[in-house]
Amino acid sequence: QVQLVESGGGLVQAGGSLRLSCTASGRTFSTLTMNWFRQAPGKEREFVACIRSGGTTSYVDSLKGRFAISRDNAKNTVYLQMNSLKPEDTAVYYCAAGPLCSLGLYWGQGTQVTVSS
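Residue numbers (the numbering used here): -14 to 102.
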């Protein structure tokens, strides 16, 4: 089992930045692929980014250049740095752990990000 707790969400003006954190416990964090997903109101959940155990990353094409995922294995934490935020980035952001990118077996509770225009 893996327990995931996200933090760092909030209200920000368009053009601003936020950094989300997700701290894991319960298994060897460094072996896991860590993902970020998001779900906007009335829309399906979508993959945002992932970072593999070896440190390689993947992003949904539409967010490349604005979002950056990173991990600190010593702190069992994965981060999502979000820059140049837009109102359409408003969503609940979820952290998920699993064996592959875009495949989440364990999920956090989500953190709300709201971007005002």
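Here a beta-carbon is modelled for each residue, glycine too, at the ideal position from N, C-alpha and C.
{"Item": "Residue range of the beta strand (DSSP E) that includes residue 32", "Value": "31 to 36"}
{"Item": "Local conformation of residue 102 per DSSP, three classes", "Value": "coil"}
{"Item": "Burial state of residue 68, where buried means 16 or more other Cβ atoms lie within 10 Å", "Value": "exposed"}
{"Item": "First and last residue of the uninterrupted beta strand (DSSP E) at residue 62", "Value": "62 to 67"}
{"Item": "Short Cβ contact (8 Å threshold) for residue -11 with residue 64", "Value": "no"}
{"Item": "Paired residues, beta bridge with residue 43 - DSSP", "Value": "35"}
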